[in-house]
Structures are given as structure tokens and as C-alpha cells.
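Notes follow the structure.
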Amino acid sequence: MGLLDKQFNDGNIVIIKVEDLLNWARLSSVWQVGFGLACCAIEMMATSDSHYDFDRFGVIPRPSPRQSDVIIISGTVTLKMALRVKRLYEQMPEPKYVISMGSCSNCGGPYWEHGYHVLKGVDRVIPVDVYVPGCPPRPEALLEGLLKLQEKIRNESLVKKSA
Amino acid sequence: MKTTEEIYAILKTKFGDVVNDPVTGKPAEDYFSVQPEEIKNICLFLRDDGELLFDNLMNLSGVDDDNGEKKTGVDGYYTTTGGTLSVFYHLESTSLKHKVTLKVSVQRENPILQSVAEVWRCANWHEREAYDLFGFNFLNHPDLRRILMPYDWDAGYPLRKDYKNPEFYQGMKVPY
Chain H
118 MGLLDKQFND GNIVIIKVED LLNWARLSSV WQVGFGLACC AIEMMATSDS
168 HYDFDRFGVI PRPSPRQSDV IIISGTVTLK MALRVKRLYE QMPEPKYVIS
218 MGSCSNCGGP YWEHGYHVLK GVDRVIPVDV YVPGCPPRPE ALLEGLLKLQ
268 EKIRNESLVK KSA
Chain L
55 MKTTEEIYAI LKTKFGDVVN DPVTGKPAED YFSVQPEEIK NICLFLRDDG
105 ELLFDNLMNL SGVDDDNGEK KTGVDGYYTT TGGTLSVFYH LESTSLKHKV
155 TLKVSVQREN PILQSVAEVW RCANWHEREA YDLFGFNFLN HPDLRRILMP
205 YDWDAGYPLR KDYKNPEFYQ GMKVPY
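Shown next as C-alpha cells:
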């Protein structure tokens, strides 16, 4: 990365690739859509609270998708909700990322066979960057998912979007 | 405080043949069934009569009795013809501390019965749910729309035993 290791004698000058600077800025302030669906949303809220403190990674819930960088699909996506999820995703500005949290939004979870109302995986309507397994995943697992997303953003290229 | 038998006796003298004999001895609660055309009057009586005072509709739910003629298709699903669908009413009197369960059975092909939404306001959404998942047609319901499934859901009523899930909804694949 090299933000701090290439310092000059003058402390105000840092040499860095534009790509790295942008990626560093993006991964350090992934603002999430303030959006929860089911029991996973409770864990997501717990992750935001002081004990796990999502904010230390720069994750702040935003009241509007237009101000957000990531949407955490935290819970069961019903067919009715899937249309709304898709609309929310489309309202987010680029670059945008999706974390699928929990078994339900990964693959339908316990509703995979008899859930007549459940979309079997949110990746059927929007592209997912990170899948976090669990039912629901513990806050540590969601934090791990966020770190994976940051890793992904860190390796992005201006010329070619990898995410 | 009255038992199901005592409540049944009161209704039998008041309404006569539209009230059928109670079903007892099952692991579930005792109940008796009534004819669909009289259910609203019976419910009004149950709510207002001084020795019954059923002021609380605890639950209203639909059941597929699954007693029709079944025909299995090539895809493994079966279609049912004939038989009945039922609505169960779980009532409670908060002042007299007694409970009763009513059952109303209607024809599967034409499931029409009176709405009790005017008797207990909470029945409004319960009946919408029963309509949504089983397709009961509640007469004189103020707002009989789907409540859980999408408004444009046209694949039928999901909790019927012969329900077949569609392949696609709004371009999204539904099966696993």
C-alpha cells in the first residue's frame, strides 16, 4: 500500500499511486444503507453498537441509498422484498458493493425447499461481493465479511473493476 | 366461566340446526362447527350475550382439510377436487375468562362465508391472511386484498395442499 512508508522529510508530502489512494479512501469509509430485513438485522445492529463498533472500520448507516457504498442484505429476502432490494441497489451510486449476510440471503436458508415466498439467494437479483455464512452470523463474522470486502476494494483497479 | 358443551347448548337453543355437535376428546381443543351462512350472526350473539361476552377474537385461521379427490399429475404435484376448506375461530372472553373454538367448513371450489370483521375489528387482517393463503371469499369484508403475498401474485393460494409453486415471479426464478 505504502501510504506512510514513503514519507519525505517534509511531513506534508506523501507519494502514492492514485489507484491506491482511491482504494484506501473507499475501503476506509464504506457507508452502508440503513437497511435490515430479519433476525440477521439484529446482529447487524449489534455489530454497529459500541461493543463491536462497526464505525471503527468507517461503516456508518446512511438513511439514503444515494449516500451509501455498501448494502448489507441482512435477512430473508422474500419475493415481494426482492423487488424493493433491487430498487434500493439501483438507487446507490457507483462504486457499490453488496454483502449477503446469513444463510437466507445466501441461498434461501431454511426456506430453500418449502418457502414459497422466499427468493433462494439474493444473488438472483443483485450481484453479491461477499457472502457471510451463519444463521445468523455473529458480529465477528460480519466484521470478517467487511474485512474481506475491504481486501477486495484494496485490489481494485481504475482501469478494470474487479469487484 | 363456561365449557364448550355449555356454550354449545346455548347456541343450539338459539340457532338450532346451523350448529353441529361438538368434537371432543381430541388432543387439540374441543370445538364445534357451524354453517357458513350464520357465522356472523353467531359471532355477534357470542360477543353481545350477557353470559358469553366473547370480546376477544384471539385468532382466525384457515385450514385445508385435504379431504377431496386427489389426482397426481406427471410433475408429482396433485390437484384436489371437491372436499372442504375450513376457518377456525378462537374466541376468548376477557371478563368471564372462558374460551371457545368454532369451525366453519366451506366447499373448496366456492369458499364463501360471512366476514366477521365488523364484529371484531382485528378479524380484518386475519381474514385477509386467510384469503391470501387459502382463497376464502369473505362476504362484506371491507378490504379483501392480499396481505402477505405480493398484490400481483397470480400463482394461487400457497397453503392449499395442491398448491404448485410457479417457476418464475417477475423474472426471478422461484424454485431452489
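Protein chains in written order, with my numbering: chain H, 118 to 280; chain L, 55 to 230. Glycine included, C-beta positions come from ideal geometry on N, C-alpha and C.
List the endpoints of the continuous alpha helix (DSSP H) containing residue i.
i: L/Thr58; result: 58 to 69
i: L/Pro76; result: That residue, L/Pro76, is in no alpha helix (DSSP H); its beta strand (DSSP E) goes 73 to 77.
i: H/Gln208; result: 196 to 208
i: H/Gly219; result: 219 to 224
i: L/Asn191; result: Run containing L/Asn191: none in the alpha helix (DSSP H); it sits in the beta strand (DSSP E), 191 to 193.
i: H/Leu264; result: 256 to 271
i: H/Ile159; result: 156 to 165
i: L/Leu187; result: 177 to 188
i: L/Leu100; result: 93 to 102
Tell me whether residue i is buried or exposed, calling it buried when 16 or more other Cβ atoms sit within 10 Å of its Cβ.
i: H/Glu60; result: This structure does not reach residue 60 of chain H, given that chain H is present from 118 up to 280, and the question cannot be answered.
i: L/Phe222; result: exposed
i: H/Ser217; result: buried
i: H/Asn140; result: buried
i: H/Cys157; result: buried
i: H/Cys252; result: exposed
i: H/Ala142; result: exposed
i: H/Glu160; result: buried
i: L/Gln161; result: exposed
i: H/Ile130; result: exposed
i: L/Arg182; result: buried
i: L/Pro81; result: exposed
i: H/Ser191; result: buried
i: L/Glu59; result: exposed
Using the C-alpha atoms, what's the distance from residue j back to residue i?
i: L/Leu98; j: L/Asp75; result: 20 Å
i: H/Glu136; j: H/Ser146; result: 16 Å
i: L/Gln168; j: H/His231; result: 31 Å
i: H/Asp170; j: H/Val202; result: 25 Å
i: L/Arg200; j: L/Gly189; result: 9 Å
i: H/Gly153; j: H/Arg183; result: 17 Å
i: L/Cys176; j: L/Tyr143; result: 12 Å
i: L/Glu232; j: L/Val173; result: What is shown of chain L runs 55 to 230, which leaves residue 232 of chain L out entirely.
i: L/Pro165; j: L/Met112; result: 22 Å
i: H/Tyr228; j: L/Asp208; result: 21 Å
i: L/Ala171; j: H/Gln267; result: 53 Å
i: H/Lys195; j: L/Gln224; result: According to the sequence as given, residue 195 of chain H is Thr; it is not Lys. Near 13 Å, if we compare the C-alpha coordinates of L/Gln224 and H/Thr195.
i: H/Asp172; j: L/Asn178; result: 44 Å
i: L/Glu232; j: L/Thr135; result: Any answer about residue 232 of chain L is impossible in this case: the structure gives chain L only from 55 up to 230.
i: H/Arg108; j: H/Leu144; result: Since the displayed chain H opens at 118 and closes at 280, residue 108 of chain H lies outside it and no answer follows.
i: H/Ile188; j: L/Tyr131; result: 38 Å
i: H/Cys224; j: H/Pro254; result: 14 Å
i: L/Asp120; j: H/Tyr233; result: 19 Å
i: H/Glu207; j: H/Tyr214; result: 11 Å
i: H/Ala199; j: L/Gly70; result: 51 Å
i: L/Lys157; j: L/Val141; result: 6 Å
i: H/Phe174; j: L/Lys151; result: 55 Å
i: H/Gly226; j: H/Ser165; result: 24 Å
i: H/Gln185; j: L/Asp206; result: It is Ser, not Gln, that sits at residue 185 of chain H in the sequence shown. Those two C-alpha atoms are separated by around 30 Å.
i: L/Pro229; j: H/Thr193; result: 15 Å
i: H/Arg241; j: H/Lys197; result: 14 Å
i: L/Ala63; j: L/Arg101; result: 16 Å
i: H/Val150; j: L/Phe192; result: 41 Å
i: L/Pro220; j: L/Asp118; result: 20 Å
i: L/Thr155; j: L/Val128; result: 40 Å
i: L/Ala184; j: H/Val276; result: 55 Å
i: H/Ser181; j: H/Arg204; result: 12 Å
i: L/Asp186; j: L/Tyr211; result: 6 Å
Residues bridged to residue i by DSSP?
i: L/Tyr132; result: L/Thr126
i: H/Pro178; result: H/Gln149
i: L/Asp118; result: L/Leu139
i: L/Lys157; result: L/Ser87, L/Phe142
i: L/Met203; result: Paired residue(s): none; L/Met203 is not in a bridge.
i: H/Lys237; result: Paired residues: none, contrary to the question.
i: L/Lys227; result: L/Phe222
i: H/Val215; result: H/Ile188
i: L/Asn231; result: Because chain L here runs from 55 to 230, residue 231 of chain L falls outside it and cannot be looked at.
From what residue to what residue does the beta strand (DSSP E) around residue i run?
i: L/His144; result: 138 to 146
i: H/Ile188; result: 187 to 191
i: H/Met248; result: Here the sequence assigns Tyr to residue 248 of chain H, which means Met is not the residue at that position. Its beta strand (DSSP E) spans residues 247 to 249.
i: H/Ile243; result: From DSSP, H/Ile243 is part of no beta strand (DSSP E); its letter is neither H nor E.
i: L/Leu167; result: 166 to 168
Next item on the list: Evaluate the contact criterion for the segment 68 to 87 of chain L versus the segment 110 to 124 of chain L: three or more CB pairs, one atom per stretch, below 8 Å.
Entry: They do not touch, by the three-pair rule.
Margin query: Below 8 Å, how does it come out for the segment 83 to 90 of chain L and the segment 113 to 133 of chain L: are there three or more Cβ pairs, yes or no?
Written below: Under the three-pair Cβ rule at 8 Å, the segment 83 to 90 of chain L does not count as touching the segment 113 to 133 of chain L.
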